[in-house]
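Number of protein chains: 2
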Amino acid sequence: MVASVEKNQRHQVVVIGGGFGGMYTAKGLASANVDVTVIDKRNFHLFQPLLYQVATGTLSPSDISAPLRSILSKSKNTKVLLGEVKDVDTKTQEVILNDRVVRYDTLVVATGANHSYFGNDQWKEVAPGLKTIEDALEIRSRIFNAFEAAEKETDPQKRRALLTFVIVGGGPTGVELSGAIAELANKTLQEDFRNIDTSETKILLLQGADRVLPGMAPSLSQAAKASLEKLGASVQTQTRVINIENSVVTYKQGDELHEIASKTILWAAGIQASTMGRILGLRTGAECDRAGRVIVEPDLSIKGHKNIFVIGDLANFSHQNEQPLPGVAPVATQEGEYVAKLIQKRLSGKTIPAFKYNDYGSLAMIGQNAAVVDLGAIKLKGFFAWIFWLLIHIYFLIEFDSKFLVMFQWAWNYITRKRGSRLITGQESLTLAKVITKQPTIEKTVKV
Amino acid sequence: MVASVEKNQRHQVVVIGGGFGGMYTAKGLASANVDVTVIDKRNFHLFQPLLYQVATGTLSPSDISAPLRSILSKSKNTKVLLGEVKDVDTKTQEVILNDRVVRYDTLVVATGANHSYFGNDQWKEVAPGLKTIEDALEIRSRIFNAFEAAEKETDPQKRRALLTFVIVGGGPTGVELSGAIAELANKTLQEDFRNIDTSETKILLLQGADRVLPGMAPSLSQAAKASLEKLGASVQTQTRVINIENSVVTYKQGDELHEIASKTILWAAGIQASTMGRILGLRTGAECDRAGRVIVEPDLSIKGHKNIFVIGDLANFSHQNEQPLPGVAPVATQEGEYVAKLIQKRLSGKTIPAFKYNDYGSLAMIGQNAAVVDLGAIKLKGFFAWIFWLLIHIYFLIEFDSKFLVMFQWAWNYITRKRGSRLITGQESLTLAKVITKQPTIEKTVKV
Numbered sequence: 500m501v502a503s504v505e506k507n508q509r510h511q512v513v514v515i516g517g518g519f520g521g522m523y524t525a526k527g528l529a530s531a532n533v534d535v536t537v538i539d540k541r542n543f544h545l546f547q548p549l550l551y552q553v554a555t556g557t558l559s560p561s562d563i564s565a566p567l568r569s570i571l572s573k574s575k576n577t578k579v580l581l582g583e584v585k586d587v588d589t590k591t592q593e594v595i596l597n598d599r600v601v602r603y604d605t606l607v608v609a610t611g612a613n614h615s616y617f618g619n620d621q622w623k624e625v626a627p628g629l630k631t632i633e634d635a636l637e638i639r640s641r642i643f644n645a646f647e648a649a650e651k652e653t654d655p656q657k658r659r660a661l662l663t664f665v666i667v668g669g670g671p672t673g674v675e676l677s678g679a680i681a682e683l684a685n686k687t688l689q690e691d692f693r694n695i696d697t698s699e700t701k702i703l704l705l706q707g708a709d710r711v712l713p714g715m716a717p718s719l720s721q722a723a724k725a726s727l728e729k730l731g732a733s734v735q736t737q738t739r740v741i742n743i744e745n746s747v748v749t750y751k752q753g754d755e756l757h758e759i760a761s762k763t764i765l766w767a768a769g770i771q772a773s774t775m776g777r778i779l780g781l782r783t784g785a786e787c788d789r790a791g792r793v794i795v796e797p798d799l800s801i802k803g804h805k806n807i808f809v810i811g812d813l814a815n816f817s818h819q820n821e822q823p824l825p826g827v828a829p830v831a832t833q834e835g836e837y838v839a840k841l842i843q844k845r846l847s848g849k850t851i852p853a854f855k856y857n858d859y860g861s862l863a864m865i866g867q868n869a870a871v872v873d874l875g876a877i878k879l880k881g882f883f884a885w886i887f888w889l890l891i892h893i894y895f896l897i898e899f900d901s902k903f904l905v906m907f908q909w910a911w912n913y914i915t916r917k918r919g920s921r922l923i924t925g926q927e928s929l930t931l932a933k934v935i936t937k938q939p940t941i942e943k944t945v946k947v
Numbered sequence: 500m501v502a503s504v505e506k507n508q509r510h511q512v513v514v515i516g517g518g519f520g521g522m523y524t525a526k527g528l529a530s531a532n533v534d535v536t537v538i539d540k541r542n543f544h545l546f547q548p549l550l551y552q553v554a555t556g557t558l559s560p561s562d563i564s565a566p567l568r569s570i571l572s573k574s575k576n577t578k579v580l581l582g583e584v585k586d587v588d589t590k591t592q593e594v595i596l597n598d599r600v601v602r603y604d605t606l607v608v609a610t611g612a613n614h615s616y617f618g619n620d621q622w623k624e625v626a627p628g629l630k631t632i633e634d635a636l637e638i639r640s641r642i643f644n645a646f647e648a649a650e651k652e653t654d655p656q657k658r659r660a661l662l663t664f665v666i667v668g669g670g671p672t673g674v675e676l677s678g679a680i681a682e683l684a685n686k687t688l689q690e691d692f693r694n695i696d697t698s699e700t701k702i703l704l705l706q707g708a709d710r711v712l713p714g715m716a717p718s719l720s721q722a723a724k725a726s727l728e729k730l731g732a733s734v735q736t737q738t739r740v741i742n743i744e745n746s747v748v749t750y751k752q753g754d755e756l757h758e759i760a761s762k763t764i765l766w767a768a769g770i771q772a773s774t775m776g777r778i779l780g781l782r783t784g785a786e787c788d789r790a791g792r793v794i795v796e797p798d799l800s801i802k803g804h805k806n807i808f809v810i811g812d813l814a815n816f817s818h819q820n821e822q823p824l825p826g827v828a829p830v831a832t833q834e835g836e837y838v839a840k841l842i843q844k845r846l847s848g849k850t851i852p853a854f855k856y857n858d859y860g861s862l863a864m865i866g867q868n869a870a871v872v873d874l875g876a877i878k879l880k881g882f883f884a885w886i887f888w889l890l891i892h893i894y895f896l897i898e899f900d901s902k903f904l905v906m907f908q909w910a911w912n913y914i915t916r917k918r919g920s921r922l923i924t925g926q927e928s929l930t931l932a933k934v935i936t937k938q939p940t941i942e943k944t945v946k947v
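For the record, the sequence lines run as chains Y and B. Going by the working numbering, the first sequence opens with residue 500, and the numbers climb by one from there. Going by the working numbering, the second sequence opens with residue 500, and the numbers climb by one from there.
See below:
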């Protein structure tokens, strides 16, 4: 283990995680009299709200990602460290990484959350969730491979299972995925195949609650459902998944059990905090909720540890409403900005009032010309909601060049109804890796 | 094994490989009275001349790729089949895939070539070549990970090895990779790190012949070398790699042996035909050259098999010059167009003269404002060559939407000197796959 060699004279802020929470903490401290170290396993910040567009072939990974170093290159007090955090020692005030130890005066933990399979982790492989670039590329491969396999399949029953897509979870991700797959099947791919009619594709959205998008106004849930059904997706509410096995999803509606054969099952339900929550619980005695999120104080710190903050999807902040704040980008962003401000005030002996989330509203894209926007007083649906959705997302894309590229890509897709990013990648590299290990002489076998 | 169920009444053309050769064969047959089946392992066509820009973080995979189905969707007589060809039966006229058999009347084989390690296949893992999207992403990861690791390394010797890049092979790919890495180190990344000075990066281009770009005029080789050295790369000609082991490259210049420690070694030398060459040799008695390429007749068919054509990098066509035609996109393109024309003429009982390659020249990009263009009578270098290089590549990008996106991306990179596609991806997915298999309960461990 290599100890950090730099002499730490200034106040050391260590931020774990380069998502919205971590990024905005670091950006907020750019001109503060502190040293900031941002630790992440990945070298890029990911604009997660658009990840489903990578999964469905509209955007490329780099359209919605920007190198952390590039975002923070102007912040001369900030270092980026690629590494995996294993533990935290609150006595010596050190973060323990795989290959080194980093001392902190203030620690900000923003490592996010994953999907929860509600105790059925064996479903993960057959029903992947959408959290990372790799998840998105895996889901993209599955979607487009299903159409490819259907084109080759001669057995009608197997073909039907290949052309059936089941999406579990009716929050924004589930709704957006369902809408995008419906558009693919009924518009984008219509001309591309010779043996199958892609408009026979069945898309089933299974939602536990009594409506989709339960975070929004009921009228918008209704609009979203209508838009999805117009696009050709079937929305099933008050539905619970009982089992996933051998490409068959068993689900329950009331007392009725249903079964559907599907080769492509996507998971967009539940929240499971990253394991840093458990580590912090062990090391600080912090209380965690059932999803593993750390219950934080009104100033986002951990009880009894004023210099350790937890923000974003990993935090359970319940001081404002009865419910904890939702795991969305604006919450993480505002929490990051708050913590950056609080750290600076404290260094000059002052403080600021408790954190308060300003909810500017929420929005979801269903398809071309169809979205829903809930700004409290103002509710939009259809074309204007769609335009609003586009503008907001372009505005918040952190890196300027992506903004224009994404806008251009969208405009182009809109005009041509094409999706340029339909590459099925990754599998060959796995196969190749195996080939190289086992038979170094037969390279790439038959390269067709 | 599932036999093809369609009734084959029309003349059946089967094209193996969706690169330049295969694509242009299929496009040339779009309005012919034949059925065309294009077989490829991948679902996309790759614009290989720009692959080095994916490897060095300027472009995204989908910028230089287009779905085969999308390119061929207007060709109603053409089917795309995803599959891996295992064998060819010339008696029954069948192509044997992993999961089915496809009958042909005319067969066009265009499966390309890989790099050759000259019998040292154990170097492949430490010195990857650049042929596929996965290769490009792997090389991109290695390049950017090397800078990341150098930033963390405290031992000066190890740090030097991390900041040393060795590129083997001084053809267009080697020259373009060297130039791009030099620009990264000396321009793009200059602001991003805190512990290292990326301008101390050492880039070594090792070339066997007495000059780089031996396919071009000597004056342009000289210009390319000068441009590379101005960018900070070192060009070593008449140099042979003797060994690669433990991150040390041993090379020979005359009688002198040299050693250099490098953590990032890239391979851009030699040609090794894909194994379809060997299969065709076995099944048709066709003669292959030392690189495994099939020696073809003046009409690109195999001797004694007038209905089997071999084109592109897999073919050795030596009827025009003493040397076989080079393995470049324009040769494959023109060969594909020729074969498409010949097939149609034959069906109406006619024929056409032997294939003749029209060499419009060659070009290579060294860096911003620096390229070399050899059009025979006209030779360009520097800024005008660079502009010419840009226009030509944009013109030939098959899919219209990519053209504009790539142009936009380049313009943006030119103005900002940023590279947006610097994501290190893929490794986590491998790690995760392992985690999922072995410990299904600990998901994504500490997600930072």
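Beta carbons are placed, not taken as given, at the ideal position from N, Cα and C, and that holds for glycine.
Other residues of its chain near residue i: CB distance less than 8 angstroms, five sequence neighbours each side excluded
i                      : result
residue 688 of chain B : 646, 697
residue 716 of chain B : 873, 878
residue 853 of chain Y : 797, 798, 818
residue 735 of chain B : 703, 704, 705, 706, 750, 752
residue 456 of chain B : The displayed coordinates of chain B run from 500 to 947. Any statement about residue 456 of chain B would go beyond what the structure contains.
CA-to-CA distance, residue j to residue i, given in whole angstroms
i                      : j                      : result
residue 776 of chain Y : residue 724 of chain B : 55 angstroms
residue 670 of chain Y : residue 546 of chain Y : 18 angstroms
residue 894 of chain Y : residue 571 of chain B : 36 angstroms
residue 754 of chain B : residue 737 of chain B : 11 angstroms
residue 905 of chain Y : residue 510 of chain Y : 39 angstroms
residue 885 of chain Y : residue 871 of chain Y : 7 angstroms
residue 830 of chain Y : residue 814 of chain Y : 10 angstroms
residue 558 of chain Y : residue 677 of chain Y : 16 angstroms
residue 642 of chain Y : residue 763 of chain Y : 7 angstroms
residue 730 of chain B : residue 721 of chain B : 14 angstroms
residue 957 of chain B : residue 811 of chain B : Nothing can be reported for residue 957 of chain B: it is not among the residues displayed for chain B, which extend from 500 to 947.
residue 791 of chain B : residue 611 of chain B : 11 angstroms
residue 808 of chain B : residue 613 of chain B : 20 angstroms
residue 846 of chain B : residue 576 of chain B : 16 angstroms
residue 783 of chain Y : residue 587 of chain Y : 9 angstroms
residue 732 of chain Y : residue 636 of chain Y : 22 angstroms
residue 565 of chain B : residue 606 of chain Y : 45 angstroms
residue 514 of chain B : residue 667 of chain B : 33 angstroms
residue 745 of chain Y : residue 862 of chain B : 53 angstroms
Cβ-based burial, residue i [other Cβ within 10 Å; buried from 16]
i                      : result
residue 672 of chain Y : buried
residue 789 of chain Y : exposed
residue 542 of chain Y : buried
residue 655 of chain Y : exposed
residue 709 of chain Y : exposed
residue 883 of chain B : exposed
residue 652 of chain Y : buried
residue 682 of chain Y : buried
Under 9 angstroms from the C-beta of residue i: neighbouring residues of chain D
i                      : result
residue 581 of chain Y : Here chain D cannot be found, since the structure's protein chains are Y and B.
Residues near residue i by beta carbon distance below 6 angstroms, same chain, minus five either side
i                      : result
residue 531 of chain B : 843
residue 523 of chain Y : 832, 835, 836
residue 665 of chain Y : 703, 748, 761, 764
- Mind listing which residues of the stretch 613-628 of chain B have their C-beta closer than 8 angstroms to chain Y's C-betas, in chain order? Of all residues in the stretch 613-628 of chain B, only 613, 620, 621, 623, 624 come within less than 8 angstroms of chain Y when Cβ atoms are compared, listed by chain position.
- Got a sec: which bits of the stretch 520-544 of chain Y sit with their beta carbon under 8 angstroms from any beta carbon on chain B, in order along the chain? From the stretch 520-544 of chain Y, only 538, 539, 540, 541, 542, 543 have a Cβ closer than 8 angstroms to chain B.
- Along the stretch 556-577 of chain B, what residues have a CB closer than 8 angstroms to any CB found in chain Y? Hits within the stretch, in order: 559, 560, 561, 562, 564, 565, 566, 568, 569, 572, 573.
- Item | Short-range partners of chain B found in the stretch 831-865 of chain Y, where Cβ spacing is below 8 angstroms | So nothing in the stretch comes that close.
- Determine which residues of the stretch 680-691 of chain Y have a Cβ less than 7 angstroms from any Cβ of chain B, and write them out in chain order. The stretch 680-691 of chain Y vs chain B, Cβ under 7 angstroms: 690, 691.
- Task: Give, in chain order, every residue of the stretch 700-712 of chain Y whose Cβ lies closer than 9 angstroms to some Cβ of chain B.
- Result: Listed by position, the residues of the stretch 700-712 of chain Y near chain B (Cβ gap below 9 angstroms) amount to none.
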